[in-house]
Amino acid sequence: MTPRYRLTFVTSLLALAFAVPCAAMEPEQAMYSAIGFTGGVLAIEDMDGGYFVGGIPLRFRTMPLAFQFNGEISSEEYVYDDDSIYYEGRRRLMSLDASLLLYPLPPVIPLQPYAIGGGHVFFASYNNSPSDYENDWDDDYGNGYHLGAGLDIQLDDIILNFEARRLWINEDRWGITDREGFRATIGMLFIL
12 MTPRYRLTFV TSLLALAFAV PCAAMEPEQA MYSAIGFTGG VLAIEDMDGG
62 YFVGGIPLRF RTMPLAFQFN GEISSEEYVY DDDSIYYEGR RRLMSLDASL
112 LLYPLPPVIP LQPYAIGGGH VFFASYNNSP SDYENDWDDD YGNGYHLGAG
162 LDIQLDDIIL NFEARRLWIN EDRWGITDRE GFRATIGMLF IL
């Protein structure tokens with residue numbers, strides 16, 4: 012088989028693979044509300060390592076855009092160390108974010124990549140005495156924004172979700188006002 016026919020054959024197989032699920036999808040799937048859960052890892056600059064993050068997203072989609080609100084909680088043990096300051100302890104974090112999602116493909120295709128961007132606020136509690144986690148908590152808050160990309164796989168009334176975000180965080184902690192971070196999650200949403 013020549014390379015030209017091979018390319019035609021592979022393209023035809025891919026078209027057939029998408030045609031079967033697309034035939035079963037309803038046009039109303041371009042507009043929906045969904046709620047679900049996510050889990051993944053969050054890594055923030057100047058904090059030692061990453062930690063688990065779990066959230067509950069609420070999404071409203073009107074093609075080609077979607078609006079999403081997300082609440083997350085996480086906990087980490089950290090070490091902060093530069094030439095002048097050394098801390099080790101524990102941090103609890105609750106965050107709320109609002110995002111705009113842009114879908115470039117028509118809604119009849121079950122694989123839906125998207126770009127995401129938005130802002131977030133968070134509330135954090137720090138304990139710099141790791142031997143006694145119950146005492147000496149210090150509260151703080153911050154805000155920032157995020158950009159990223161994701162992929163939705165729509166299976167009837169369930170959406171499997173994979174997402175990665177770059178975070179920019181404004182927090183006045185230890186005299187540092189700007190941090191960067193990375194968040195990667197997987198999740199499942201249920202169309203209401």
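Just so we're on the same page, our numbering is the position in the sequence shown counted from 1, plus 11. Using N, Cα and C, we set each Cβ at its ideal position, and we do this for glycine too.
Alpha carbon to alpha carbon, how far is residue j from residue i? Give it in angstroms, no decimals.
i, j, result
"LEU104", "PHE80", "17 Å"
"ARG70", "LEU53", "21 Å"
"GLY130", "ASP167", "30 Å"
"VAL132", "ARG102", "16 Å"
"ASP189", "PHE78", "26 Å"
"VAL64", "GLY51", "5 Å"
"PHE193", "PHE173", "14 Å"
"GLY155", "VAL119", "34 Å"
Look at the Cβ atom of residue i, then the Cβ atom of residue j, and state whether they are nearer than 8 Å.
i, j, result
"TYR62", "SER44", "no"
"GLY116", "ILE127", "Here residue 116 turns out to be Leu, not Gly, going by the sequence shown. Not closer than 8 Å, so no."
"GLY198", "PHE48", "yes"
Exposed or buried, residue i, counting other C-beta atoms within 10 Å across all chains shown (16 or more means buried)?
i, result
"LEU200", "buried"
"THR196", "buried"
"TYR152", "exposed"
"ALA35", "Residue placement at ALA35 is flagged as unreliable, the pLDDT there being 46, under the threshold of 50; the coordinate-derived value follows with that caveat. ALA35 is exposed by the Cβ-count criterion."
"GLU191", "exposed"
"GLY161", "buried"
Nearest by alpha-carbon distance to residue i: which of the options is it?
i, options, result
"HIS157", "ARG177, GLN165, ARG72", "ARG177"
"GLN165", "MET74, ILE202, ARG101, ALA109", "ILE202"
"ALA135", "LEU107, ILE120, TYR114", "LEU107"
"LEU76", "GLN123, GLY51, GLU83, VAL64", "GLN123"
"ILE169", "ALA175, ILE180, PRO121", "PRO121"
Give the DSSP bridge partners of residue i, in chain order.
i, result
"ASP150", "SER136"
"MET199", "PHE48, LEU171"
"ILE164", "LEU122, LEU171"
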